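S.K.: Dropping a structure here in C-alpha cells format, bear with me for questions.
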Ligand SMILES: Cc1cc2nc3c(=O)[nH]c(=O)nc-3n(C[C@H](O)[C@H](O)[C@H](O)COP(=O)(O)OP(=O)(O)OC[C@H]3O[C@@H](n4cnc5c(N)ncnc54)[C@H](O)[C@@H]3O)c2cc1C
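Numbering (this note's numbering), first residue to last: 102 to 504.
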C-alpha cells in the first residue's frame, strides 16, 4: 500500500478528529455511565456530512473507499469507542451495499434493481439523515458463518415477510433502518439463500426489547430485536438475492470493519499514557512521572506494540479487495486478531504503567480498558475464530483433507 495519504483522506480524518477532540471525548463518560446512545455525536456526524462517508459522490456522499473508511473510523475510536463501533455498523451498511458489491457477479436485471435500491438507501442517508444498523447475531452458529441465519424471510407479493430474533443489535434505540440478514424460507435452505434487507424501525411486528447493561461499549445500546410477521418491501434489499453469500466469500475484508474502532482504542491507551506520565492530563494535578526509567521502558514497549499493530492494520486495509490472494486473506485475519487482542493489552499496560489513580472513573482509561475487551468477542472474526481460520489455511490447501 502507498502509505501517503491523499488530500481527501487527510481532510476526512481531520474532520473526524476535530469532532472527536472537541465533542466526542467530553461526552463519552456520560454515555458510558448511562449506557445511553450517543445521539449528540450522531447529530454532529450528520451535520458534518459524515453519515454519508461511504455513499458514492454521485449520490451526494463523501465517496470514501475501504481504507479511507477504516482510517476515519479509527480516528473516531480514539475519542469514543461506542460512537466508532456503531458508526461502523452504519457506514459499512453503505459500503457493503455500495462500492463493495459493484464488481460482484449479477445478472443485468439484478444489477438494474440493485442500482435502484442503492439510490434509495443513499438518499435516505444523505437527504434524510437516516441511520442504518447491522444486526446479524442470533446467538447461534450463523453469525460465525457456520450455519444459515435462523431469521426467515418468506417471499410474498412485492416483498418478504420476516420472522425471527436478533441479539446484540447495536444502535437498537437509534437506527431508522436495520440491515437484517435472514434466510429465504425455501426447502433445504442453505447459506446461499441469505437475504439482506433493510427493515424500517416503524414496521408493524418489529420490536426492540430487553435490557442493556454490559461491561464495555455501553453506548452502543445493543439490545434484542424481535421480528414477528414483518413485511419488508422488495425495494429495501441491501443486496440482491444470493449476492451476500458471494460477498462473504469473495470479500473477506468486509468482516474486519470492526477492527478500526479498536485500532483507535489502542492509540487512545497509548496517548493517555504519554499525557499522564508527562503530567498533562486534564483534571489531574500536573505531576510528572516520566523521569522514572521503569516508565520510560514501559512506554517504549507500548509504542513498539502500537506500531506493530498499526503496521499490520495499514497493510491489511490497503490490500482489501474482491478475490484477494490467500496471503492477503490470511493477513486480514492476522490483522483482525492482532488489533483486537493488542487493543486490550495496550489498555492493560497503560493502567499498569500509569498506576492506581489512572483508573478512576473520571478519566477515560478505565473505559478504554472495558471497551477494548469487547473486540475479540465480536463475530464472525472473534480472536478464536481468526486463529481457527489461520491454522486451517496455513496447513491445508483448498479441498485438501486427511483421510
Ligand atoms: C458491544 C457489542 C456490540 C455488538 N454489536 C453487534 C451488532 O451490531 N450486530 C451484530 O450482529 N452483532 C453484534 N454483536 C455481537 C457479536 O458480534 C457476537 O455475535 C457476540 O459477541 C457473540 O456472543 P455469543 O455469546 O453469542 O457467542 P457464541 O456464539 O456463544 O460464541 C462464543 C465464542 O465461541 C466461539 N465460536 C462461536 N461459534 C463458533 C463455531 N461455529 N466454531 C468454533 N468456535 C465458535 C467464538 O470465539 C465466540 O467468541 C455485538 C457484541 C458486542 C459485545
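Beta carbons: idealized from backbone N, C-alpha and C, even for Gly.
Quick caveat, the model's predicted, so the values are computed rather than measured.
(1) Give a yes or no on whether the minimum CB-CB distance between residue 108 and chain D is below 8 Å.
(2) How would you call residue 291, buried or exposed, if buried means at least 16 neighbouring beta carbons within 10 angstroms?
(3) Answer yes if the region 120-136 comes into contact with the region 461-477, meaning at least three C-beta pairs across the two stretches below 8 Å, and no otherwise.
(4) Given a threshold of 16 other Cβ atoms within 10 Å of its Cβ, counted over all protein chains shown, does residue 502 qualify as buried or as exposed?
(5) Would you grab the beta carbon distance between residue 443 and residue 493 for me? Rounded to a whole angstrom, and I think it's under 8 Å.
(6) How close, in whole Å, do the beta carbons of residue 253 and residue 322 come, if the pair is a contact with beta carbons under 8 Å?
(7) How big is the Cα-Cα spacing for residue 113 and residue 368?
(8) So for residue 293, helix, strand or coil by DSSP?
(9) Around the C-beta of residue 153, are 16 or more other C-beta atoms found within 10 angstroms, so that it is buried, or is it exposed?
(10) May I ask you to verify whether the region 376-391 touches the region 194-206, counting CB pairs closer than 8 Å and requiring at least 3?
(11) Does the distance from the C-beta atom of residue 251 to that of residue 328 stay below 8 Å?
(12) For residue 234, name the three-state secondary structure that DSSP assigns.
(13) The alpha helix (DSSP H) that contains residue 436, what's its start and end?
(14) Ignore the nearest five residues each way along the sequence and tell me which others in residue 422's own chain have a CB closer than 7 Å to its CB.
(15) Do residue 489 and ligand 1 come close, with the Cβ less than 7 Å from some heavy atom?
(16) So, helix, strand or coil for residue 506, using DSSP?
(17) How far does the beta strand (DSSP E) with residue 334 in it reach, from first residue to last?
(18) Going along the chain, which unbroken runs of the alpha helix (DSSP H) with 4 or more residues stay wholly within the region 184-242?
(19) List the residues that DSSP assigns as beta-bridge partners of residue 261.
M.R.: Short version:
(1) This model lacks chain D altogether, as it is built from one protein chain only.
(2) exposed
(3) yes
(4) That one is exposed.
(5) Incorrect: roughly 23 Å between the Cβ atoms, too far for contact.
(6) Not really, about 26 Å apart at Cβ, beyond 8 Å.
(7) Computed Cα separation, rounded: 18 Å.
(8) helix
(9) buried
(10) no
(11) no
(12) Reduced to three states, the DSSP call for residue 234 is strand.
(13) 427-455
(14) none
(15) yes
(16) Residue numbering for the chain in the displayed model covers 102 to 504; residue 506 lies beyond these limits and cannot be assessed.
(17) 324-334
(18) Whole alpha helix (DSSP H) segments, 4+ residues: 209-227.
(19) Residue 261 is bridged to 256, 333.
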